[in-house]
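Note sheet for the following structure.
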Amino acid sequence: MAGAGVAVIGLGYVGLPLAARAVECGLTVIGVDVSRVVVDGLRAGRSHVEDVSDAQVQRMLDQGFRPLLTDDDAPTAEVHVICVPTPLGADGGPDLTAVRSAGAWIARKLKPGALVILESTSYPGTTEDVLLPILQESGLQGGRDFHLAFSPERIDPGRSTHSYRTVPKVVGGLTPACRDAAVAFYSPLVDTVITTRGLREAEMAKLLENTYRHINIALVNEMARFCDLLDIDIWDAIDAAATKPFGFQRFEPGPGVGGHCIPIDPQYLGHYVQERTGEQFRFVHLAQEINAAMPDYVVSRVERMLQERGRSLNTARVLLLGVTYKADVADDRETPARPIAALLTECGAQVLVHDPLLPEWSPPDLEVTPVAIDAIGDCDVAVLLQAHRTFDLPVIAEAVPVLLDTRGVLPRTSAGVERL
Ligand SMILES: NC(=O)c1ccc[n+]([C@@H]2O[C@H](COP(=O)([O-])OP(=O)(O)OC[C@H]3O[C@@H](n4cnc5c(N)ncnc54)[C@H](O)[C@@H]3O)[C@@H](O)[C@H]2O)c1
């Protein structure tokens, strides 16, 4: 079988856009995944990732892109990029099972002179301490026989203001030659490549970015709670503060953090710091505590809105609008809609959900009823959790009796609307 230029291992939100960009730049690309659903879909020209269209997948296939299962007979590649998930394990610590098995897959095929890059987010030391020994089971030595680098992925699914090309790529290598090999790989794909002193600095850069978001979201979430008690409009204060041309970045309160980065990556870092130094990363713990309490807070606000109208939560029909973890992305991983729905049910409320991106959303462990847009008025209170672009918000606000706007997107003056 002829060799491939690039093998992308893990074809999800990170791997598929990378594969698409590499094909666009004229590279020969294979994509490898453990999921038959993913591979069969791509082979049939279907994308499961919003940032890559079906038409793009078809163009990729036309240009030689080959989606393969890990069990398939794959050609050897010059560059291997690992984009597999790095979730939390049952103990709340890092679960690197997928990184390990992707490494073992590569080790079976590794050829002298090849480049291996880890893009999955993990704690500092993962590339050198976990991945390198697995790759060296090939009999080849990293830094001498093959290059090894870490390059964190920084995509933001659903964001249209940046493309793969315009987001600078950070690269750290096991050796300077490894770093240079990775820079040479990414240079045609992106406008800017930034290098770090080593692997650990590149790994830490990604965790710093996401921990920074996590902590600043916690800051405004906590402020939103006491601003409500002090009768201060937090949204107005944020609008005013955001006019400062330097020294301030806008973050907004919300119903809780979701997805597979913000709630998880800082935990990787906290776990690593504790394990290696015995110290607690206190900021991470505090931010985690504050953000994790937001679903409870949302439910308490719903209860208060009902009580003000002479209703009680245990007989109410509560509609959740937007159940994905972020706006305009059909992804419900770690979505705050889950704990909110569970808490409402625990309180005796009947939970209705409406989300055009996940119209049938009804996880088996939750008691929720999906409703169509023309049935949203049949509730006692609605909670806007995600402001999808496709929502006609003024029409929605008009259709429901009262609405808690957790995203601060509806005008303050709308009748029956309260902001978080
Ligand atoms: N999604 C984001 O916004 C984002 C942004 C930056 C970084 N990251 C990080 O990138 C990594 C991947 O995230 P994602 O969102 O693309 O995940 P994803 O779940 O969308 O995709 C991962 C893919 O890897 C496949 N896979 C799992 N184990 C495998 C294995 N052993 N071999 C081959 N394929 C395997 C899965 O079937 C899946 O298709 C994670 O570490 C994540 O934290 C994600």
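The numbering used here applies: residue 903 is where the sequence shown begins, and numbers increase by one. Glycine is no exception: its CB is placed at the ideal position from the N, C-alpha and C atoms. Predicted model only: the values in this text are computed from it and were never measured.
{"Check": "Extent of the continuous beta strand (DSSP E) run through Thr-1097", "Outcome": "1095-1097"}
{"Check": "Assigned exposure category for Ser-1062 - 16 Cβ within 10 Å defines buried", "Outcome": "exposed"}
{"Check": "Environment of Met-903 [buried if 16+ CB atoms lie within 10 Å]", "Outcome": "Because Met-903 carries a pLDDT of 45, less than 50, the predicted location of this residue cannot be relied on, and no value is offered for it."}
{"Check": "4-residue-minimum alpha helix (DSSP H) runs that sit fully inside the segment 946-970, ordered along the chain", "Outcome": "956-964"}
{"Check": "Boundaries (first-last residue) of the alpha helix (DSSP H) holding Ile-1242", "Outcome": "1239-1248"}
{"Check": "Start and end residues, alpha helix (DSSP H) containing Gln-1209", "Outcome": "1196-1210"}
{"Check": "Sheet register partners of Leu-1075 (DSSP bridge)", "Outcome": "Residue identity differs from the one stated: residue 1075 is Gly in this sequence, not Leu. Note: Gly-1075 sits in a beta bridge opposite Ala-1051."}
{"Check": "For Thr-1179, the first and last residue of its enclosing alpha helix (DSSP H)", "Outcome": "1167-1179"}
{"Check": "Cα-Cα separation between Arg-1235 and Cys-927, rounded to whole angstroms", "Outcome": "31 Å"}
{"Check": "For Leu-1223 and Arg-1002, the rounded distance between their alpha carbons", "Outcome": "39 Å"}
{"Check": "Inter-stretch contact at 8 Å, needing at least 3 Cβ pairs: the segment 1183-1190 / the segment 1111-1119", "Outcome": "yes"}
{"Check": "Val-1032, DSSP secondary structure in three states", "Outcome": "helix"}
{"Check": "Closest residue to Asp-975 among Asp-997, Arg-961, Ile-1008 and Glu-1055 (Cα-Cα distance)", "Outcome": "Ile-1008"}
{"Check": "Residue from Arg-1219, Ala-1243, Ala-1086 and Ile-1096 whose Cα sits closest to the Cα of Pro-1266", "Outcome": "Ala-1243"}
{"Check": "Contact belief for Ile-1036 with Pro-977 at Cβ below 8 Å, rounded distance in angstroms", "Outcome": "Not a contact, Cβ separation roughly 21 Å."}
{"Check": "Helix, strand or coil at Ile-911 [DSSP, three-state]", "Outcome": "strand"}
{"Check": "Ligand 1 heavy atom lying under 7 Å from the CB of Tyr-915", "Outcome": "yes"}
{"Check": "Beta-carbon spacing of Ile-911, His-982 below 8 Å", "Outcome": "yes"}
{"Check": "Start and end residues, beta strand (DSSP E) containing Asp-1307", "Outcome": "1305-1307"}
{"Check": "Three-state secondary structure assigned by DSSP to Pro-996", "Outcome": "strand"}
{"Check": "First through last residue of the alpha helix (DSSP H) which encompasses Ala-1120", "Outcome": "1101-1132"}
{"Check": "Reduced DSSP secondary structure (H/G/I, E/B, other) of Met-903", "Outcome": "Only weak support exists for where Met-903 lies, its pLDDT of 45 falling under 50; the coordinates are left without a value."}
{"Check": "Residue range of the unbroken beta strand (DSSP E) whose run includes Ile-984", "Outcome": "979-984"}
{"Check": "Limits of the beta strand (DSSP E) - the one that Gly-1161 falls within", "Outcome": "Looking at the DSSP string, Gly-1161 is not in any beta strand (DSSP E), and its letter there is neither H nor E."}
{"Check": "Leu-1268 beta carbon less than 8 Å from that of Val-1283", "Outcome": "no"}
{"Check": "Per DSSP, cross-strand counterpart(s) of Thr-1271", "Outcome": "Leu-1254"}
{"Check": "Any non-hydrogen atom of ligand 1 within 7 Å of Cys-1163 CB", "Outcome": "yes"}
{"Check": "Distance, Gln-1038 Cα to Gly-917 Cα", "Outcome": "24 Å"}
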